[in-house]
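Engineer: One structure follows; several queries about it will come next.
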Amino acid sequence: MEFSLKDSYLLLGETLKKNDYKLVDTTFDLTLRQKEETWHVVYDENLDNQITGGFLSYMADSNLLPPEEVVKIHFGTIKDFDTEQLNIYLSLDSLLDTDDTYSSSIAHAMAEQIRACFDFKILDAKKDERNAQVKVQITSSDFKSIVASYQEQLSGWLQTSQAMAGGAEGRREKERQLLLESIEKNNASTTRDVDITLVNDGTSWKMQMDENVAQAILGGVDSALADVSEDVE
């Protein structure tokens, strides 16, 4: 979902209402200028910051959240996704160019697998003023293991009389069935260490998602499905 500036302020408002905060005393020199018979306070942007207990300075700090915290929040959100949210976020429906019903079944099964296995651990973080690199250990479902199981079962079935009698259409349906079952019954996971680059644009640290990060989250699903795509289409 697109998160707007208005959404940010609404979230901030809810946070301020739900929590109790300590008081802080500050001193500030006010400048006044007389105009005719009336004294007027000369506006100083620092006054706003003092009145809010330094809140404006904190919110304008591009290092308010360190790089490792940004990565932790991002992957923590993925870990909390339900099956449908994972499906949408990872665009799993687009991995197989098949009819809608079968593609949806495969995508749902893959999302369930990733949701059950996904975990992460921050290993290390390095940064300078504008660039950072966070090493993360990512665990996800092992789709190479899934494909190996599928291919083994398919190889065995192709040697049976049922495979000969079913013809091309029967073979295609069996291939789909075996792939779906291999995904649903999988218990294997895989772990990878990936380096995530972040860039500070003057507002905050932004993650640079690349192919290595995507493959770690997906458990190598792209390369694994390439081995069976012609079978299941």
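Take the sequence shown: its letters are residues 268 to 500, numbered as in our numbering.
All C-beta atoms, glycine included, are put in the ideal place defined by N, C-alpha and C.
Here the structure is a predicted model, which means the values were calculated and not measured.
(1) Does DSSP put Val466 in a helix, a strand or coil?
(2) What first and last residue would you give for the alpha helix (DSSP H) that runs through Phe387?
(3) Can you say whether Ala327 is buried or exposed, counting buried as having 16 or more other CB atoms within 10 angstroms of its CB?
(4) Whole angstroms are fine: how far does the CA of Asp409 sit from the CA of Ala392?
(5) Taking only the alpha-carbon atoms, compute the straight-line gap between Val466 and Asn398 and give it to the nearest angstrom.
(6) Quick one, which of Tyr356, Asn453, Gln444, Gly280 has its alpha-carbon nearest Ser416's?
(7) Could you name the residues of the same chain whose beta carbon sits closer than 8 Å to that of Ile381, not counting the 5 residues immediately before and after it, in chain order?
(8) Do you know offhand how far Leu290's Cα is from Asn316's?
(9) Candidates Asn286, Thr282, Asn313, Leu283: which alpha carbon is nearest Leu297's?
(10) Taking Cβ positions, are Phe387 and Phe342 nearer each other than 8 Å?
(11) Under 8 Å, do Ile463 and Val488 count as touching if we go by C-beta distance?
(12) Three-state secondary structure (DSSP) at Ala406?
(13) How about the region 320–336 and the region 428–446: do they share at least three Cβ pairs that are nearer than 8 Å?
(14) Using CA coordinates, which residue listed in Asp347, Ser361, Glu396 is at the minimum distance from Ala383?
(15) What is the residue span of the alpha helix (DSSP H) that Val338 lies within?
(16) DSSP on Lys289, reduced to helix/strand/coil?
(17) Can you tell which of Asn286, Ile355, Ile413, Pro333 has the C-alpha that lies nearest to the C-alpha of Thr457?
(18) Using the Cα positions of Met377 and Asp349, report the straight-line distance between them to the nearest angstrom.
Structural biologist: Working from what's here:
(1) If you number the sequence shown from 1, residue 466 lands on position 199. The answer is strand: DSSP assigns Val466 an E or B state.
(2) The residue labelled residue 387 in the question sits at position 120 within the sequence shown. Not the alpha helix (DSSP H): Phe387 falls in the beta strand (DSSP E), residues 386–394.
(3) Start at 1 with the first residue of the sequence shown, and residue 327 comes out as number 60. So Ala327 counts as exposed.
(4) Counting from 1 along the sequence shown, the entry for residue 392 is found at position 125. Counting from 1 along the sequence shown, the entry for residue 409 is found at position 142. About 26 Å.
(5) Translated into the one-based positions of the sequence shown, residue 466 becomes position 199. Translated into the one-based positions of the sequence shown, residue 398 becomes position 131. Rounded to the nearest angstrom, the two C-alpha atoms are 5 Å apart.
(6) For this step, residue 416 is matched to residue 149 along the sequence shown. Answer by Cα proximity: Asn453.
(7) The residue you call residue 381 lines up with position 114 of the sequence shown. Closer than 8 Å at Cβ, skipping near neighbours: Leu353, Leu357, Ser407, Ser408, Ile484, Leu485, Gly486.
(8) What you label residue 290 is simply residue 23 of the sequence shown in a count that begins at 1. What you label residue 316 is simply residue 49 of the sequence shown in a count that begins at 1. C-alpha separation (whole angstroms): 15 Å.
(9) Locating residue 297 in the sequence shown gives position 30, where the first residue counts as 1. When each option's Cα is compared against that of Leu297, the closest is Asn313.
(10) Your numbering for residue 387 matches position 120 in the sequence shown. Your numbering for residue 342 matches position 75 in the sequence shown. Result yes, Cβ atoms of Phe387 and Phe342 sit closer than 8 Å.
(11) Position 196 of the sequence shown holds residue 463. Position 221 of the sequence shown holds residue 488. Not closer than 8 Å, so no.
(12) Start at 1 with the first residue of the sequence shown, and residue 406 comes out as number 139. The sequence as given places Thr at residue 406; Ala does not occur at that position. Strand.
(13) no
(14) Residue mapping note: residue 383 aligns to position 116 of the sequence shown, counting from 1. The residue with the shortest Cα to Cα distance from Ala383 is Asp347.
(15) Translated into the one-based positions of the sequence shown, residue 338 becomes position 71. Looking at the DSSP string, the run of the alpha helix (DSSP H) that includes Val338 is 334–347.
(16) Taking the first residue of the sequence shown as 1, we reach residue 289 at position 22. Coil.
(17) Against the sequence shown, residue 457 aligns to sequence position 190. Thr457 has its Cα closest to that of Ile413, out of Asn286, Ile355, Ile413, Pro333.
(18) The sequence position of residue 377 within the sequence shown is 110, counting from 1. The sequence position of residue 349 within the sequence shown is 82, counting from 1. In a straight line, the C-alpha of Met377 is about 12 Å away from that of Asp349.
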